[in-house]
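Each position in the sequence shown, counted from 1, maps to that position plus 91 in this note's numbering.
Glycine included, every Cβ here is placed at the ideal spot set by N, Cα and C.
The structure appears below as structure tokens.
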Amino acid sequence: MKELDFTGKVFVVTGAASGIGRSCAEQLLGSGAMVIGIDLAKGDLAYDTYKHYMASITDEEAIRKITDDVIYNYGKIDGLVNAAGIWGNSKPFFDTETSEWERIISVNLTGTYIVSKFVANAMIPNKSGKIVNISCLRSIIFRNNMTDYAASKGAVVALTSAMALDLAPYNIRVNAVAPGFIYTGMTKGSFDNEEIRKQSETLIPEGRLGQPEDISKVVLFLLSDLSDYINGTNVFADGGYHIQK
Ligand code: NAD
């Protein structure tokens, strides 16, 4: 099959400075797209067709300005990848301060809502667009000490389907990808420990950790015309983790 061709298309990718978001941005750039990256951190993708904004996805005014700027400069937004996210506080919920809880919900859930809102408003007049949210295996399979993160990701799955309904009349599709264990900036600290990595790999039928490209390939499919009849769903890309008992 021919590689996907996104020439002439404009995409916004959050979390574009690292891991899954960076890989999505890089694959889109390699497929001919214009990419606007948003991240708290500095971006390092050296392409003429890449523009990076340093901002928090929780900063509504900053996201409004970035979206206006993109429309002013490029005239449209064809797709959005919401990949910016943070890990939880790693404690039992009963020992978590409400301010600590709110920080996770604010980035993973409210940030996804804020960016989607401004981008959807830019897509609606064109009656065309694709939004892909990065959820998580932890939206349905849990371990101790992850209530904040799990709740934020479960909510991203619900947000995905509910947004898809609001946007269906405008020919805009919204889906999510649920990664399993992926080696990125978020997980490097754990997976560089050989014992943790080996133990984690025993839980994955595929027998290996995922790489960011294992997720960005699925994201690109969902951003492409190949997935036109898929809407409001959560696609697991976890090497089969979620199907085991
Ligand atoms: P990462 O830490 O490598 O990348 C996340 C990026 O998001 C970073 O560049 C960070 O600066 C940015 N970011 C964080 N808060 C932000 C904010 N408020 N505003 C703007 N940018 C912000 O991690 P990753 O693993 O690539 O994570 C990407 C997404 O994938 C996250 O939503 C994460 O929850 C999800 N995910 C990751 C895994 C995994 O195993 N790595 C598994 C399931 C889901």
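- Taking the Cα of phenylalanine 272 as reference, the smallest distance to any Cα among Tyr320, Asp329 and Leu171 is reached at Asp329.
- Distance from the Cα of valine 104 is smallest, within the candidate group Ile196, Val310, Asp150 and Ala137, for Val310.
- Residues Ser122, Leu311 and Ser315 of the same chain have their beta carbon placed closer than 7 Å to that of leucine 95, with the five preceding and five following residues left out of the count.
- For alanine 328, the three-state secondary structure derived from DSSP is strand.
- Distances from the CB of methionine 277 to the heavy atoms of the ligand NAD include at least one below 7 Å.
- Rounded to whole angstroms, the separation of the alpha carbons of lysine 208 and asparagine 236 is 31 Å.
- Remark: the shortest separation between the CB of valine 198 and any heavy atom of the ligand NAD falls under 7 Å.
- In terms of side-chain proximity, the C-beta atom of threonine 251 is found no nearer than 7 Å to any non-hydrogen atom of the ligand NAD.
- In this structure alanine 175 does not touch glycine 280 by the C-beta definition: roughly 19 Å separates them, more than the 8 Å allowed.
- A Cβ-Cβ distance of about 7 Å is found for the pair phenylalanine 102 and leucine 171, placing them in contact under the 8 Å criterion.
- Assigned with DSSP and collapsed to three states, alanine 153 falls in helix.
- Tyrosine 320 sits in coil when the DSSP states are folded into three classes, being neither helix nor strand.
- Distance between serine 219 and glycine 276, taken at the CA atoms: about 33 Å.
- Here aspartate 135 has no same chain residue with a Cβ atom under 6 Å from its own Cβ, once five neighbours each way along the sequence are excluded.
- For isoleucine 231, the closest C-alpha among the options Met254, Ile222 and Lys244 is that of Lys244.
- In the DSSP annotation of this structure, the continuous segment of the alpha helix (DSSP H) that includes alanine 213 starts and ends at 203-214.
- Look at isoleucine 111 here: in three-state DSSP terms it is helix.
- Under the 10 Å beta carbon count, tyrosine 332 is surrounded by 16 or more other beta carbons and is classified as buried.
- The Cβ atoms of valine 198 and isoleucine 222 do not sit closer than 8 Å to each other.
- Its chain contains Phe97, Lys100 and Phe102 as the residues whose beta carbon lies nearer than 6 Å to that of alanine 124, once the 5 sequence neighbours on both sides are disregarded; these appear in chain order.
- DSSP places tyrosine 261 in the helix class (H, G or I) of the three-state scheme.
- Here the alpha carbon of threonine 201 sits roughly 26 Å from the alpha carbon of glycine 166.
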